[in-house]
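Reviewing the structure listed below.
2 protein chains.
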Amino acid sequence: MPFSINEYAERIQKTKEQMVKEGVEVLLLSDPANMYYLSGYDGWSFYVPQLLVVILEEEQPLWIGRAQDANGARLTVWFHPDRIIPYSDEYVQSDERHPMDFVADILTQIGQAKRRFGVEMDAYYFTARSYERLRTGLPDACFQDATLLVNRIRMIKSSQEIDYMKRAGQIAERAMQTAMNTIAAGVRECDAAAAISHAQISGTSEYGGDYPAIVPLLPSGEKTSTPHLTWTDRRYRAGEAVIVELAGCYRRYHAPLARTAVIGTPSPLVRELAEVVAEGLNAALEVAAPGVSCEEVEAAWRQSIQKRGFKKESRLGYSVGLNYPPDWGEHTASIRAGDQTTLQPNMTFHLIPGIWLDSCGVEFSETFRVTGTGCETLSCFPRELVQRPAIPGIVPSLEESGA
Amino acid sequence: MPFSINEYAERIQKTKEQMVKEGVEVLLLSDPANMYYLSGYDGWSFYVPQLLVVILEEEQPLWIGRAQDANGARLTVWFHPDRIIPYSDEYVQSDERHPMDFVADILTQIGQAKRRFGVEMDAYYFTARSYERLRTGLPDACFQDATLLVNRIRMIKSSQEIDYMKRAGQIAERAMQTAMNTIAAGVRECDAAAAISHAQISGTSEYGGDYPAIVPLLPSGEKTSTPHLTWTDRRYRAGEAVIVELAGCYRRYHAPLARTAVIGTPSPLVRELAEVVAEGLNAALEVAAPGVSCEEVEAAWRQSIQKRGFKKESRLGYSVGLNYPPDWGEHTASIRAGDQTTLQPNMTFHLIPGIWLDSCGVEFSETFRVTGTGCETLSCFPRELVQRPAIPGIVPSLEESGA
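Listed in order, the protein sequences are those of chains A and B.
The UniProt record's numbering numbers the first residue of the first sequence as 1 and each following residue consecutively.
The UniProt record's numbering numbers the first residue of the second sequence as 1 and each following residue consecutively.
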């Protein structure tokens, strides 16, 4: 098990305290990260409906999922196997039956039909139909939104979680080094992505990597003007910038990291962007400390780049850690104007400053942990442009390229 | 663009015909596969709400998504850039604003507030809250479920789509060969997964691989009793079975493939299971042809394994092709009792027969295309157990192991 029984008990305790505050008697969790956080269940089965049920009066949660995944639950959860309730395959992707019909029946059978339920209204794997079928199946129940109830508890990490994230940070470093050793004129984007993925999953000799919640993002050339297109089998060309955004992942905990490579000699504009982004990132990291608000961290970045005549519209960062596809962010605090969340020790954030112009973009990012007095980054990789060969086999030196 | 303008126009036409049949005037698509199918948009941005809007009277759809992804849409969709409508970052993961508030406003501004909308009630990225906010923002509209409207159109593939799936099939073969070359006693599960992932993404020398919608699934030892746990950094041990389920993916089109390795000498029981599964798979493939129903294909498998005294509770297969995480299945037809979908030429299915006992399990799978007269598989890999070294560096011959 990735965490001690005590740690799970503490998490359940905090969850129940929050349930009481919000008036929730039975919490239905469909976010796989929240299911893993409270139960230990870790399988690629979130493509069918499944739930962890926390009942205020009961010590152990219930896992409800597909029959073929029940053995997976038995092998991974900390609680008694009696608490694992499988539904049969006739509920899977059927026109007639929905897994939430089964869930409503079970909740009725165990006397929970008239409770006040909290549901994760905006979690990825809790669909509009899931909610409708639950409401239909439990007509005497009350429902309220509990979307980020557990996510908020997850914001402050335990020492074991920090340890996992530091391992993820080391994996991210290695994967970034692999990326920077691979990208060059003539290399296919897919081959760079393949090398990165190999490094992410293989991990270090001491601990293997887990699958990150997002694939490597490698916009190059004109695509650096947009962050989320994925690779093709096009070959890199001299003169292009390549943004590399990836994460190391260990036991579902992420440490994302972004850097920018230039194939050949960077243009004066790209050089300037790189300086501005690195300065702004450093300014934000200098400010990040317990007691400081998220918006104050963003302000430090904004002031830094404003001095150089730049601005960025989108948010600067977000709380990060445990997650499953399609996102490694925790959906709680954002580093942006208006977010007054106060930084506390062992909160962890991904600061992803980037500036995109019409023709090019530069990103450098860091994942940091709030310490007792400031912050520390989880990876160690120079915050500067990486120059890569413009002619296959020849690496330009900084002198040659005029740096 | 992955498809011709004509092919997109045909898809839109078929979609509108189905909308008319179902009484839908405006279709709101949030399934990223359906968005890609009708627009060409392909980015890892489905972790924020986004929509493709098909209005019955308008030739071109609308793309509505996050501002930083609008450039990605401009680079990938076939229609006019005026049809791309970005929302600002203040809607992202905010306590106050939801992207669907923006969508409702836009639909109102363009005179669609009182229409009959089709929404994908059970699509992964259409949450319960998305639906609530849409209904609140469009109080005079009617809503009805259109979950599989486009998925059903996707079931019969065009020749271009079949071409992409055949490439995916070749990538799957290579990835499976890599898996079987890597797995051995003493090797870490994560290093096998890393090698597979590398092969999947690198693809062939002619065409690079895309990211599959599911990570490699590699249950080994006692975990072969459950299909969806992912790898760890544990080392393989002599005597274990390892099930390898993976897909090749090309331009979002998948060809999944599963095989089973045994480290060292397989037990008589595992040998028997392998024979039974291979015979049953062959029996099902022999029956699959135009005019035959999904349940008849399943029956051929069931009768074959029943003769040997075995049964399998879960479904035998499903329609497969275009998709995004977390699933490569299309959620339409299933190969199981009760599914009377009739096979037609250029439908594609993943047949995933496996038998799991308490102590071990064996799976062999094939992705097949329905041809004019029967079916053809998209990968070519022997349907038999693969024996792998039990002592690092030594491969047992079939004779030595008593085969």
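All residues carry an ideal CB built from backbone N, CA and C; glycine is no exception.
Residue 215 of chain B belongs to the set of residues whose beta carbon lies under 8 angstroms from a beta carbon in chain A. Between residue 190 of chain B and chain A, the shortest Cβ-Cβ separation is below 8 angstroms.
At a cut-off of 8 angstroms between C-beta atoms, residue 225 of chain A counts as an interface residue with respect to chain B. Taking a C-beta cut-off of 9 angstroms against chain B, the contacting residues of the region 118-132 of chain A are 119, 120, 121, 122, 123, 124, 125, 126, 127, 128, 129, 130, 131 and 132, listed in chain order. Judged by DSSP in its simplified three-state form, residue 294 of chain B adopts helix.
When C-beta atoms of the region 38-56 of chain A are compared with those of the region 88-100 of chain A, three or more pairs fall below 8 angstroms, so the two segments count as touching.
When rounded, the separation of the alpha-carbon atoms in residue 78 of chain B and residue 7 of chain B is 11 angstroms. Setting aside the 5 residues that flank it on each side, residue 258 of chain B is surrounded in the same chain by 243, 244, 245, 352, 363, 364 and 365, each with a C-beta closer than 7 angstroms to its C-beta; the list follows chain order. Contacts with chain B at 8 angstroms (Cβ-Cβ) include residue 201 of chain A. A direct Cα-Cα distance of roughly 11 angstroms separates residue 350 of chain B from residue 379 of chain B. Interface annotation, residue 80 of chain B: not in contact with chain A, CB-CB separation never under 8 angstroms. Taken atom to atom, the span from the alpha-carbon of residue 322 of chain A to that of residue 37 of chain A is near 8 angstroms. Around residue 223 of chain B, the same chain offers 229 as residues with beta carbons nearer than 7 angstroms, after the five sequence neighbours per side are excluded. Taking the Cα positions, residue 280 of chain A is about 37 angstroms away from residue 35 of chain A.
Sixteen is the threshold: since fewer than 16 other Cβ atoms of the shown chains lie within 10 Å of the Cβ of residue 373 of chain A, the residue is exposed. Around the CB of residue 32 of chain A, 16 or more other CB atoms lie within 10 Å, so the residue is classed as buried. Uninterrupted beta strand (DSSP E) stretches at least 3 residues long and entirely within the UniProt domain "Creatinase N-terminal" (11-156) of chain B occur at 26-29, 51-55, 62-66, 84-87, 116-119 and 142-145, given in chain order. DSSP links residue 273 of chain B through a beta bridge to no other residue. Taking the CA atoms as reference points, residue 119 of chain A sits about 41 angstroms from residue 203 of chain B. Counting every other CB atom within 10 Å of its CB across the protein chains shown gives residue 82 of chain A a total below 16, marking it as exposed.
When C-alpha distances from residue 55 of chain A are compared across A:71, A:315, A:116 and A:377, the shortest belongs to A:116. Counting only residues of its own chain and dropping the five nearest sequence neighbours on each side, residue 17 of chain B has no CB closer than 8 angstroms to any other CB. Bridge partners of residue 198 of chain A according to DSSP: none are assigned.
For residue 22 of chain A, the closest C-alpha among the options A:311, A:149 and A:65 is that of A:149.
Looking at the DSSP output, residue 351 of chain B shares a beta bridge with B:317 and B:366. Under the three-state reduction of DSSP output, residue 287 of chain B falls in the helix class. Taking each of A:156, A:294 and A:173 in turn and checking the Cα distance to residue 377 of chain A, the smallest one comes out for A:173. Among the residues of chain A, none has a CB under 8 angstroms from the CB of residue 99 of chain B; the nearest is roughly 10 angstroms distant. Taking each of A:240, A:247 and A:255 in turn and checking the Cα distance to residue 266 of chain A, the smallest one comes out for A:240.
Proximity of the region 285-293 of chain B to the region 304-316 of chain B falls short of the contact definition, fewer than three beta-carbon pairs being nearer than 8 angstroms. Within chain A, the C-beta atoms nearer than 8 angstroms to that of residue 198 of chain B come from 194, 195, 197 and 198, in chain order. A buried status is given to residue 182 of chain A, since no fewer than 16 other beta-carbon atoms sit within 10 Å of its beta-carbon. Spanning the alpha carbons of residue 102 of chain A and residue 87 of chain A requires a straight line of approximately 7 angstroms.
About 5 angstroms separates the beta carbon of residue 185 of chain B from that of residue 390 of chain B, a gap short enough to meet the 8 angstroms contact definition.
Not a single CB atom of chain A sits nearer than 8 angstroms to the CB of residue 146 of chain B. Spatial neighbours of residue 142 of chain B in its own chain (CB-CB distance under 8 angstroms, excluding positions within 5 residues in sequence) are listed in chain order as 115, 116 and 117.
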